[in-house]
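For the sequence shown, the working numbering begins at 1 and goes up steadily by one. Each residue gets a CB set at the ideal place from its N, CA and C atoms; glycine is no exception.
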Amino acid sequence: MASGGANTSLPERRVADDQPSIEVINHPSPTPYKARLAQLLDPGFGSVFTDHMVSISWSEGLGWHDAILGPRTSLSLDPATAALHYGQSIFEGMKAFRQKDGGAALFRPFDNARRFNSSADRLAMPGLPETLFVEAVRKLVERDRDWFPDAPAGALYIRPFMFASEPFLGVRPARAYTFLVIASPVGSYFSSRSSAISLWVSENHTRAAPGGTGAAKCCGNYAASLLPQRNAIERGYDQVVFLDAVENRWIEELGGMNLFFAFKDGSVITPPLSGTILPGITRDTVITLLRDQGLHVQEQRYSMEQWADDAATGLLTETFACGTAASITAVGKVASSNRTFTIGDGKPGPVSSILRQLVTSVQFGVSPDRHGWLVPV
Ligand SMILES: Cc1ncc(COP(=O)(O)O)c(C=O)c1O
Numbered sequence: 001m002a003s004g005g006a007n008t009s010l011p012e013r014r015v016a017d018d019q020p021s022i023e024v025i026n027h028p029s030p031t032p033y034k035a036r037l038a039q040l041l042d043p044g045f046g047s048v049f050t051d052h053m054v055s056i057s058w059s060e061g062l063g064w065h066d067a068i069l070g071p072r073t074s075l076s077l078d079p080a081t082a083a084l085h086y087g088q089s090i091f092e093g094m095k096a097f098r099q100k101d102g103g104a105a106l107f108r109p110f111d112n113a114r115r116f117n118s119s120a121d122r123l124a125m126p127g128l129p130e131t132l133f134v135e136a137v138r139k140l141v142e143r144d145r146d147w148f149p150d151a152p153a154g155a156l157y158i159r160p161f162m163f164a165s166e167p168f169l170g171v172r173p174a175r176a177y178t179f180l181v182i183a184s185p186v187g188s189y190f191s192s193r194s195s196a197i198s199l200w201v202s203e204n205h206t207r208a209a210p211g212g213t214g215a216a217k218c219c220g221n222y223a224a225s226l227l228p229q230r231n232a233i234e235r236g237y238d239q240v241v242f243l244d245a246v247e248n249r250w251i252e253e254l255g256g257m258n259l260f261f262a263f264k265d266g267s268v269i270t271p272p273l274s275g276t277i278l279p280g281i282t283r284d285t286v287i288t289l290l291r292d293q294g295l296h297v298q299e300q301r302y303s304m305e306q307w308a309d310d311a312a313t314g315l316l317t318e319t320f321a322c323g324t325a326a327s328i329t330a331v332g333k334v335a336s337s338n339r340t341f342t343i344g345d346g347k348p349g350p351v352s353s354i355l356r357q358l359v360t361s362v363q364f365g366v367s368p369d370r371h372g373w374l375v376p377v
């Protein structure tokens with residue numbers, strides 16, 4: 001379905017920028033009711049998938065074409081497919097939530113569409129019209145609406161992604177791309193029973209350098225984070241903290257979440273968007289909600305030494321991580337090669353707990369959506 005760029009066996013159907021038209025092909029044998037329920041009982045994170053997917057092709061000259069919502073199926077790829085060799089591959093992570101009224105809604109999907117296009121731009125890939133991106137996601141959720149898990153914080157995690165599908169060897173931007181959207185019913189991201197996570201600070205591996213791809217959601221960033229993440233897990237920690245690549249001193253982010261620091265005086269700090277961290281949509285949501293509460297939030301650099309000192313003196317009362325997958329997650333313990341410290345009493349504090357509650361109640365349509373973040377499916 002999505003091999004080698006343009007489909008040459010059928011006449012291509014071009015997609016007009018202003019009129020997203022996605023052809024629907026129903027699954028001939030969707031997962032039977034009982035098997036689906038069994039998979040939805042305890043889906044965990046990222047290993048159960050719905051029946052359908054969206055596929056849209058791009059090629060030079062034709063632009064976007066052959067937009068199809070059809071059965072989720074394996075891809076057949078030429079061994080020279082450019083993404084496999086040069087890593088021209090980007091993705092997004094977003095969620096659809098069941099609403100109080102029984103419907104479903106996407107949370108800030110146009111922000112994902114914009115970030116997707118800025119990742120595409122950084123990797124010399126074509127942008128996708130925002131309306132087409134959101135319509136592809138919306139249609140998939142609508143089609144697979146029976147796949148929402150019943151778990152209290154359960155949601156449909158949606159993974160739009162694009163890779164260079166032209167088969168060739170040579171270092172240049174590809175001339176054909178495939179955009180796909182798949183969906184996965186999810187429960188909790190962290191399997192650990194503890195309610196606050198522990199972090200290991202990576203001192204000899206960095207995630208992104210100035211001028212690099214740190215602000216793009218490209219696959220290579222994640223590949224580079226896997227060894228330090230594995231080192232953290234092997235030492236018994238949940239996640240790795242990356243420091244800046246120039247001074248090895250300023251806190252950047254985790255492998256898949258942004259960080260916030262809350263202080264005794266009511267102020268909050270989060271690292272600035274200087275091009276080396278991902279501009280998280282949850283990060284922006286948190287900043288907005290904190291400012292709504294009248295709190296002073298500063299986007300400024302915060303050093304490793306200061307973090308340890310402020311935790312020791314009690315000036316720092318909370319640290320929390322945030323992202324689509326795990327929402328707001330408190331940090332209880334931090335360690336590096338030469339120090340270990342606890343944040344507050346090592347348990348989730350009031351700021352992260354209230355924020356988690358505020359974010360999820362907007363997402364599930366329980367409290368009013370004052371910022372227009374929800375898009376009904
Ligand atoms: C490296 C990184 N930082 C931060 C985030 C949080 O971003 P968001 O809140 O948009 O999920 C993610 C998750 O996508 C990520 O992969």
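> Exposed or buried, what is I343 when buried is set at 16 or more other beta-carbons lying within 10 Å of its beta-carbon?
Replying inline: By the neighbour-count rule (16 or more Cβ atoms within 10 Å), I343 is buried.
> What is the DSSP secondary structure of K95, counted as helix, strand or coil?
Replying inline: When DSSP states are grouped into helix, strand and coil, K95 belongs to the strand group.
> Is the number of C-beta pairs between the stretch 112 to 128 and the stretch 18 to 35 that are closer than 8 Å three or more?
Replying inline: Using a C-beta cut-off of 8 Å, the stretch 112 to 128 makes no contact with the stretch 18 to 35, since fewer than three inter-stretch Cβ pairs fall below that distance.
> What's the C-alpha gap between K264 and G349?
Replying inline: Between K264 and G349, the C-alpha separation is close to 11 Å.
> With respect to 7 Å, is the separation between the Cβ of I25 and the closest non-hydrogen atom of ligand 1 below this value?
Replying inline: Checking the 7 Å criterion, the Cβ of I25 is out of range of every heavy atom belonging to ligand 1.
> Which runs of the alpha helix (DSSP H) fall wholly inside the stretch 256 to 298 and span at least 4 residues, in chain order?
Replying inline: Counting only runs of 4+ residues, the alpha helix (DSSP H) found wholly inside the stretch 256 to 298 occupies 281 to 292, in chain order.
> So, helix, strand or coil for P228, using DSSP?
Replying inline: Residue state, collapsed to three classes: helix.
> Just to confirm, are V24 and L69 a CB contact at a threshold of 8 Å?
Replying inline: Cβ distance < 8 Å, so V24 and L69 count as in contact.
>> In this structure, how does DSSP classify A6 when only helix, strand and coil are distinguished?
In response: Annotation note: pLDDT 37 at A6 (below 50); position unreliable, no value reported.
>> Tell me whether the stretch 299 to 319 and the stretch 265 to 281 touch, counting them as touching only if at least three CB pairs, one residue from each stretch, are closer than 8 Å.
In response: In the pairwise beta carbon analysis, the stretch 299 to 319 is classified as touching the stretch 265 to 281: at least three pairs are separated by under 8 Å.
> DSSP state of I343, grouped into three classes?
Replying inline: The three-state secondary structure of I343, taken from DSSP, is coil.
> With respect to 7 Å, is the separation between the Cβ of N248 and the closest non-hydrogen atom of ligand 1 below this value?
Replying inline: Flag unset: Cβ of N248 not near ligand 1.
>> For a test of the three-state rule: what should DSSP assign to K217, helix, strand or coil?
In response: When DSSP states are grouped into helix, strand and coil, K217 belongs to the coil group.
>> Considering just the uninterrupted stretch of the beta strand (DSSP E) at W200, what are its terminal residues?
In response: It spans 196 to 202 - the beta strand (DSSP E) in which W200 sits, taken as one unbroken run.
>> Spatial neighbours of V48 within its chain, please: C-beta separation below 7 Å, excluding the five flanking residues on both sides.
In response: Around V48: Q39, S184, P185.
>> Please state the DSSP three-state secondary structure of L123.
In response: The three-state reading of DSSP puts L123 in coil, since its state is none of H, G, I, E or B.
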